[in-house]
Every structure is written in structure tokens, then in C-alpha cells.
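According to full-length UniProt numbering, the sequence shown holds residues 1 to 719 in order. One structure is given here, and the rest of the page talks about it.
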Amino acid sequence: MTTAILVVPSEQRVGLTTVALGLVHALDREGIPVGFCKPISQPHASDTGPERSTRLARMVTSLNPPEPIPVSETENLLGHDRENVLLEEVIGRFEQAAHHTSAVIVEGLMDTEEQPYGTRLNAKMAQSLDAKIIVVTAPGRDTPRQVADTVEIIARAYGGIHHERMLGAIINLLDAPVDQTGHIRFDFSRAENGYHPGHEAEFRAECTRHWPQTFALLGCIPWQRELSAPRVCDIMQLIGAQILNEGQLNRRVTHVVLGAASLISSCQELRPGAMVIIPGDRDDLLLAICMATMSGTHVAGVLLAGGLKPDLRVWKLCSPALDAGLPVLTIPHSALQSVLYLPHLNLEVPLDDRDRMQQAVETVASHITLDWKEPLLSRIQERRLSPPAFQHTLVQRARKANKRIILPEGNEPRTIEAAIICHQRGIARCVLMGDAGRMHRLSARRGMSIPPDIEIIDSTQIDRRYIDALVALRQHKGLNSGLAEEALHDAVVLGTLMLQLGEVDGLVSGAVHTTANTIRPALQLVKTAPDVRLVSSIFFMCLPEQVLIYGDCAININPNAEDLADIAIQSAESAKAFGIIPRVAMLSYSTGTSGSGSDVEKVKAATRLARERRPDLLIDGPLQYDAATIKAVAQSKAPDSQVAGRATVFIFPDLNTGNTTYKAVQRSADVISIGPMLQGLNKPVNDLSRGALVEDIVFTIALTAIQAEQALERERNQR
1 MTTAILVVPS EQRVGLTTVA LGLVHALDRE GIPVGFCKPI SQPHASDTGP ERSTRLARMV
61 TSLNPPEPIP VSETENLLGH DRENVLLEEV IGRFEQAAHH TSAVIVEGLM DTEEQPYGTR
121 LNAKMAQSLD AKIIVVTAPG RDTPRQVADT VEIIARAYGG IHHERMLGAI INLLDAPVDQ
181 TGHIRFDFSR AENGYHPGHE AEFRAECTRH WPQTFALLGC IPWQRELSAP RVCDIMQLIG
241 AQILNEGQLN RRVTHVVLGA ASLISSCQEL RPGAMVIIPG DRDDLLLAIC MATMSGTHVA
301 GVLLAGGLKP DLRVWKLCSP ALDAGLPVLT IPHSALQSVL YLPHLNLEVP LDDRDRMQQA
361 VETVASHITL DWKEPLLSRI QERRLSPPAF QHTLVQRARK ANKRIILPEG NEPRTIEAAI
421 ICHQRGIARC VLMGDAGRMH RLSARRGMSI PPDIEIIDST QIDRRYIDAL VALRQHKGLN
481 SGLAEEALHD AVVLGTLMLQ LGEVDGLVSG AVHTTANTIR PALQLVKTAP DVRLVSSIFF
541 MCLPEQVLIY GDCAININPN AEDLADIAIQ SAESAKAFGI IPRVAMLSYS TGTSGSGSDV
601 EKVKAATRLA RERRPDLLID GPLQYDAATI KAVAQSKAPD SQVAGRATVF IFPDLNTGNT
661 TYKAVQRSAD VISIGPMLQG LNKPVNDLSR GALVEDIVFT IALTAIQAEQ ALERERNQR
């Protein structure tokens, strides 16, 4: 039976949708099958497009929630005293969302001037769905005692704070800069984030002191400036500005600067993320902003007020900054009138701003406690490892491992950004190899700053001890000091040597190097683990519903039957190591005995060898891909198989098939593929696809850190 969890607001502007989707994300990454439903539409006065909550849920989750009941239909039914029919419609939508789930987060309504019946309908929905209830509130200017009292008053509409349905409350937007009416101010250019370490815990403790033990504070989510930051294009649309230079309209605006003072005073206000409003005839300020941009200050954009445009000669001088992406807008109003627009801006996440919504949802999920999740888990026969659950597990395990990972491609912008993210999230202690000055310039151009405690190594400065160590390792192959020094000018070789010497715990490369460039030094210096015949690879394919493993898609071109058996066993062990229950499908163009040929016979032999070596593993083949994944096909083609229809590990017969399939799935289904993760080396070295996204690199670094911890455990056990 699916549990309904109704999320209700204490008032408007509490971030109800963000919190509801954050709950979905928090449960999903714990492996709990969860759905989302906004049963009744509640458009905002400024909405002109589709219903927001459902669209945002589709944007940041793999769910496809049902369309809500339109507000016109809701009011028609209520107006004709047909509330029961309305609730039947609500239940129908809930049941659609509840298919194959243990819980459904149901977003409730809020009382507004247009829809004053929100709380009454929430109470009716809670009864009809037998829902657990979570109250969402935002403190604004209230004290913890006032927040606690507000929540208790809201709870009375649902049976009171002691009612068995009441799970607890979530406090959102703690320390947000708000005006007298409770609106978050957009003029937080001069208001630093009010949140300070420890305040969350203090606020939580003070609130819960006023509530019974049966009612919990499930989350206390601090306001973050970046999560309220609109893009330049959002401001442009809201105030009706025109484009003079399009540039990068997706830049985030975190500060507003009114550049009407002297040049020196205005320059002091120029910071990354600033939207600078200046009179259109202040050519001196426009030039200063462009110079700051070219010097590495990632200004969000410029708004020229008064309908005035710069002189063409000045505009030409600005061209380097304009070509680098600086947006320049114009508006007919004066600078003062333009500033007066800002407090009225709608800071809700636009429907096309996936990045901002995803960050907001992840922030909410990271601040929610799930002590109440066990009844939901008890209904699950086998916990589904969804992509959010898998990625969350990777990050947590990597943080715990606290490993030093070297990145030889430190001059590559994606690698720099991934290292900064890993540093900020505590995933690993990254070491960048390359030119420090170039790295800082590249990061500044992307609006980033390399933290001073990220280690940077100049790979052109070769320490004598590295030359001697490489000669000692490769002397039997005729390597002398001169050749060793030349080889070490390759950053991948130097990084691999540092790994072998124990100075770092793992290596990630491949964003600009080929697979051979990454793997060859590892095979020469790190070598294979004891009792390992070959090195192979797997990809973690983060499909919408679960994470699957594909192997080998990167290393072995045409493995024989014995090689395939080794790859299958290695991949099954990797699956177990990362929380995936291994059910191994040995893939072919034929299922069972339906086909013949040398390729099919190879897979049959590999399956037999793998089963003989590891009778404890579920391995079956040959299986066609559809028979391995789809239950209906499996029942027809392989009814007695314990793997068919539910495989989690897929072993391809050769590199041609594996590499083509993984890329087709990755690109066509728009899924994250983490890897290739190499299997069988003494120490972890992992390759990247040259088309890797920053997110791919981050998770590959996390994988490498976890592998390093596993390698350390193996070494301890062998002693």
C-alpha cells in the first residue's frame, strides 16, 4: 500500500513546491520508490503558461506526474456542491502517481485571495487519502517561538499537532532577507546572507522545545543567495528590457549595483554576479565594467537606463568584453526607476531554469531528516537503486574515504570545475597538474575561483626522485635517466608514477587524452592486482528508474570466452561493491539455444566458465538485450531464467557492440553514464570520455576515491 504524504503551507511564499520536490529527491536517493502529485492546480497571478509544480517535477525528476485538476473545474465543482466528485478526481490522480511506489508526495494548496479554500480542501484531501501531513513554513522575521505557534495553529485544521497523521514541520528559507510584507528582497546586493553556522541548530532546538515528541522538525533549510538568483534573461523579460549585446543571458544575478556615483566608487562595487545599472550616457562606467570583465570579474550584465546608447567608438572599445559574453541591455526608464522595479520581481524559478531548480531541490533534500522513513522501507522487497540514490551513495562514501586524487589534465576547464565542485562538496582532495596561472585565468572566465587549498602541481618541474623511481620500475625494459625524464613530461605518466609511489590515492584522466594514453602508464607502472588476468571496464548507466552496469565498453576489443567470464565476474563484484545486486546477463544476438554460430558459442562457453568459477553469482546467457531487461519478453524467451527480465549487469560480447550501445543509450535517452571505471588494477586509474560533462568527471572522481578505499582494504586483508 502506498503512503500519501501531504505537504501543506503555513502561508504563501514558503517555497512549497521546492520543499515538496526536495522530499521526493530525499526519499528517492534512499532507494524508496516515490511519486509526486499536485492534484489541484493553483496558478499564480503572474503565470501565463502551464501548471508550475507538475512541470517542475517532470523537469528535475524522472517522474511523469498526472496533470492536475484545472482551477476552473475545481471551482465549478465546489460551486455546484459537488465536492465529493472533486475528491474522487483527486484520488484518481493520486492513484496514477502511486503506481509502483511506496510513497507519494502530494503538494497541497495555499489560501490566496483568488482561492481562499486552500486549507479546507487540504484537510479534505488528507482525509480522503489517509495522508500523513507535513507543514511547511518560513520564519521571515519571526522568532522560533512565533514559528512554533504558527505551525501549531495551522495543524489545528488537520486535527491538531498531536494527531497521528501529523509527521512534523519543515522550516524553509531560514535567514532570508525579507521586507515588512514577507517578500524576499531582491535588493540583497547590500545584504549578505544572514545565515551563520550554528543558527540552524539553534533555531531547530528552540522550535522543537515548544512541540510534543510526536511532532518533529523534519528539516531546517537556510536561505542561500545563489538559489534565489535569477538569470539576466529573467530580469530582461520581467522589466521589458531590450538587448544591445546578447552575450550569455543565462548568467546569474546575485547583486545589483547602481552605478550612478563616481567611477572609483562604482568600481568598488563591481563583483562577480553583479547586474550593473548605469545611465546610458556613462561611457566611463561602461568601459570600466568591460575592463573588469576582461580582468576576470564575472559581471552578470549591464543595464543601460534612459534609453541612451553608447557612442559607436566607445562600443568598439568594449568589443573584447562583449565578445566574451557580457550581456548589455537597455531600458527607456531612468536608472532610479529601473531600481524601483526590482523589489517587485518574481523570484520564483522559471519553468526553463532546470539548473537552479535542481540545486534548490538538492539543497532541500540535504537538510531533511528521514527518521520516519522505516515504515516506507519495510514495504520494499528489494530496494531500487535509483540514479539519485546511487549518486548520493557515491558522494557519501567518497567523503568518508577522504582520498587524494590526481588530475593530470589540470589545464582543461571541465576538469578545473570538477575539482572545485569536489572540493566544495568534500568528495575528494583533488590535485591539479598544469600551469597555475592558466588554470586561474580559465576558471575566472567561467565565473569560478580555485580555492587556495586546492593543490596545484607544475608538471614541467620534474623532481629528480621521480626520474630515479621511474628508472627503477622500467630499467628491465631498457629505460635510462634521459628517457625517463622525457617520459615524465607527460602529465599522465608523472601522475601515474605518483600513484604507484603512494603519494596520491587515485588518478582520473581522459577529458583530452585517449584511453590508451591513460591506461598504458597504469599497466606499465601500477600493474594488475594479484590473481587478475586482464584489466576491463564498466559504465554505470544512470537510467531514469535504476542504475545498470555495462561491461566491457572501453578496453578489450575482442575478448575470448575466458576473458568474457573474467569480465562478468569482475563486473558482478563491482556491482556488489557499489550497492547494486548483481544479476549478470551475457549478451548475444540469440537467447538460449535459439541461435548458433561462433559468436553465440563464445558467449555460451563464457557463461559456463563464469558459473563454474562463481556458482554463488546469478549469471545467465546467451541472452538478447530485450530478454535480459523486459519481463514479458523474458517469460516468452527464457521463462526459467533467474536473470532474464531483471538483469542489472550486462556483459557485451565485444568492444564494438558495447561501446556503440552505451553511447547510443547515453545520447538517445539523455542519461548520465559514469565511467569507464577500470577493473583489475592494483590501484585505481579511471578514464574519461573526451565528451565527458563536468558532472561525469565529478562522479568519476568519487568512484575513484571509493576504489582507493577498497584497494586499501584489500591490502590490509592480504597482510
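For each residue, glycine too, the CB sits at the ideal point set by N, CA and C. None of the values given here were measured: they were computed from a predicted structure.
Worksheet item: Which residues in the same chain have their Cβ closer than 6 Å to the Cβ of residue 250, if we skip the five residues on either side of it in sequence?
Response: Numbered from its first residue, the sequence shown carries residue 250 at position 250. So the list reads 231, once near-sequence residues are dropped.
Worksheet item: Since residue 255 is in the beta strand (DSSP E), which residue starts that stretch and which ends it?
Response: Position 255 of the sequence shown, counting from 1, holds the residue named residue 255. From DSSP, the beta strand (DSSP E) with residue 255 extends over 255-258.
Worksheet entry | Residue nearest to residue 425 in terms of C-alpha spacing, selected from 686, 451, 22 | On the sequence shown, residue 425 is found 425 positions in, with the first residue counted as 1. Taking only the C-alpha atoms, the option nearest residue 425 is 451.
Fill in: Helix, strand or coil at residue 36 [DSSP, three-state]
Working through the sequence shown from its first residue, we reach residue 36 at position 36. The answer is strand: DSSP assigns residue 36 an E or B state.
Worksheet item: Which residues in the same chain have their Cβ closer than 7 Å to the Cβ of residue 626, if we skip the five residues on either side of it in sequence?
Response: If you number the sequence shown from 1, residue 626 lands on position 626. The answer, listed in chain order, is 633.
Discussion item. Is the beta carbon of residue 278 closer than 8 Å to that of residue 286?
Written reply: Residue 286 sits at position 286 when you count from the first residue of the sequence shown. Residue 278 sits at position 278 when you count from the first residue of the sequence shown. Closer than 8 Å, so yes.
Practice prompt. Let me know the secondary structure DSSP gives residue 547 once reduced to three states.
Written response: Translated into the one-based positions of the sequence shown, residue 547 becomes position 547. Of the three classes helix, strand and coil, the one that applies to residue 547 here is strand, per DSSP.
Practice prompt. Return the first residue and the last residue of the beta strand (DSSP E) that residue 642 is part of.
Written response: As a working mapping, residue 642 is identified with position 642 in the sequence shown. Per DSSP, residue 642 belongs to no beta strand (DSSP E) and is neither H nor E.
Worksheet item: Which parts of the segment 239-309 are runs of the beta strand (DSSP E), unbroken and 3 residues or longer, counting only runs that do not cross its ends?
Response: 242-245, 255-258, 274-279, 301-305
Worksheet entry | Closest by C-alpha distance to residue 226, when choosing among 219, 201, 349, 208 | Within the sequence shown, residue 226 is the residue found at index 226, counting from 1. Answer by Cα proximity: 349.
Worksheet item: Under 8 Å, do residue 40 and residue 131 count as touching if we go by C-beta distance?
Response: Reading the sequence shown from its first residue, position 40 is the one you call residue 40. Reading the sequence shown from its first residue, position 131 is the one you call residue 131. No, the Cβ-Cβ distance between residue 40 and residue 131 is not below 8 Å.
Worksheet item: Rounded to a whole number of angstroms, what is the C-alpha to C-alpha distance between residue 113 and residue 71?
Response: As a working note, residue 113 is residue 113 in the sequence shown. As a working note, residue 71 is residue 71 in the sequence shown. Straight across, the Cα-Cα distance linking residue 113 with residue 71 is about 14 Å.
Worksheet item: How many Å lie between residue 237 and residue 330 at the Cα?
Response: The residue labelled residue 237 in the question sits at position 237 within the sequence shown. The residue labelled residue 330 in the question sits at position 330 within the sequence shown. Near 12 Å, if we compare the C-alpha coordinates of residue 330 and residue 237.
Worksheet item: Along the chain, which unbroken stretches of the alpha helix (DSSP H) at least 4 residues long are found entirely within the segment 613-665?
Response: 625-629, 631-637
Fill in: Host alpha helix (DSSP H) of residue 368 (start-end)
Numbered from 1 along the sequence shown, position 368 holds the residue referred to as residue 368. Premise fails: residue 368 is in no alpha helix (DSSP H) and is neither H nor E.
Item to complete: State the DSSP-derived secondary structure class of residue 1, mapped to helix, strand or coil.
Response: As a position in the sequence shown, residue 1 is number 1, starting the count at 1. The answer is coil: DSSP assigns residue 1 none of H, G, I, E or B.
Worksheet entry | Residues of its chain near residue 280, where Cβ-Cβ distance is below 8 Å and the 5 sequence neighbours each way are ignored | As a first step, residue 280 must be located in the sequence shown, where it is residue number 280. Only 304, 305, 306, 307, 308, 309, 310, 330 meet the Cβ criterion.
Discussion item. Quick check: what's the CA-CA separation for residue 646 versus residue 458?
Written reply: One-based indexing of the sequence shown puts residue 646 at position 646. One-based indexing of the sequence shown puts residue 458 at position 458. If I take the Cα positions, the gap works out to 49 Å.
Fill in: One or two residues paired with residue 539 in a DSSP bridge
Translated into the one-based positions of the sequence shown, residue 539 becomes position 539. Paired residues: 550.
Item to complete: May I have a chain-ordered list of the alpha helix (DSSP H) segments no shorter than 4 residues that lie completely inside the segment 472-518?
Response: 481-487, 491-500
Worksheet item: Just checking, does the segment 522-530 make contact with the segment 696-709 on the three C-beta pairs under 8 Å criterion?
Response: no
Discussion item. Using C-beta distances below 7 Å, list every residue in its chain close to residue 263, excluding the 5 sequence neighbours before and after it, in chain order.
Written reply: Within the sequence shown, the letter at position 263 stands for residue 263. 284, 285, 288, listed in sequence order.
Worksheet item: DSSP on residue 8, reduced to helix/strand/coil?
Response: Mapped onto the sequence shown, residue 8 falls at position 8. Residue 8 falls in the strand class under three-state DSSP.
Item to complete: Could you round the C-beta distance between residue 662 and residue 540 to whole angstroms and report it? I think they count as a contact, below 8 Å.
Response: The residue you call residue 662 lines up with position 662 of the sequence shown. The residue you call residue 540 lines up with position 540 of the sequence shown. Wrong, their Cβ atoms sit about 10 Å apart, outside the cutoff.
Worksheet item: How is residue 712 classed by DSSP in three states: helix, strand or coil?
Response: The residue you call residue 712 lines up with position 712 of the sequence shown. Three-state result, residue 712: helix.
Worksheet item: Looking at C-alpha atoms only, which residue of 470, 475, 481, 476 is the closest neighbour of residue 493?
Response: Translated into the one-based positions of the sequence shown, residue 493 becomes position 493. Nearest of 470, 475, 481, 476 to residue 493, Cα basis: 470.
Discussion item. Taking the alpha helix (DSSP H) that residue 202 belongs to, which residues open and close that run?
Written reply: For the purposes of this step, residue 202 is taken as the residue at position 202 of the sequence shown. According to the DSSP assignment, residue 202 belongs to the alpha helix (DSSP H) that extends over 199-208.
Worksheet entry | Straight-line gap, residue 205 to residue 175 (C-alpha atoms, nearest Å) | Counting from one through the sequence shown, the residue named residue 205 turns up at place 205. Counting from one through the sequence shown, the residue named residue 175 turns up at place 175. Cα to Cα, the separation comes out at about 16 Å.
Worksheet item: Can you list the alpha helix (DSSP H) stretches of 4 or more residues lying completely in the segment 112-191, in chain order?
Response: 118-129, 144-155
Worksheet item: How would you call residue 686, buried or exposed, if buried means at least 16 neighbouring beta carbons within 10 angstroms?
Response: The residue labelled residue 686 in the question sits at position 686 within the sequence shown. That one is buried.
Practice prompt. Pull up the distance between the alpha-carbon of residue 720 and that of residue 407, whole angstroms please.
Written response: A question about residue 720 goes unanswered here, because the residues of the chain that appear run from 1 up to 719.
Discussion item. What residue range does the alpha helix (DSSP H) around residue 81 cover?
Written reply: Here residue 81 is taken as the residue at index 81 of the sequence shown, counted from 1. Unbroken run through residue 81: none, as it is neither H nor E.
Fill in: Range covered by the alpha helix (DSSP H) that runs through residue 570
For the purposes of this step, residue 570 is identified with residue 570 of the sequence shown, where counting begins at 1. Element bounds for residue 570: 561-577.
Discussion item. Taking the alpha carbon of residue 102 as the reference point, which residue from 548, 11, 28 has its own alpha carbon closest?
Written reply: For the purposes of this step, residue 102 is taken as residue 102 along the sequence shown, with counting starting at 1. The residue with the shortest Cα to Cα distance from residue 102 is 28.
Item to complete: Compute the Euclidean distance between the alpha carbons of residue 136 and residue 355, then round it to the nearest angstrom.
Response: Translated into positions along the sequence shown, residue 136 becomes position 136. Translated into positions along the sequence shown, residue 355 becomes position 355. Approximately 23 Å, taken between the alpha carbons.
Discussion item. Less than 8 Å between the C-beta atoms of residue 543 and residue 669, yes or no?
Written reply: Indexing the sequence shown from 1 puts residue 543 at position 543. Indexing the sequence shown from 1 puts residue 669 at position 669. For the pair residue 543 and residue 669, the CB atoms are nearer than the 8 Å cut-off.
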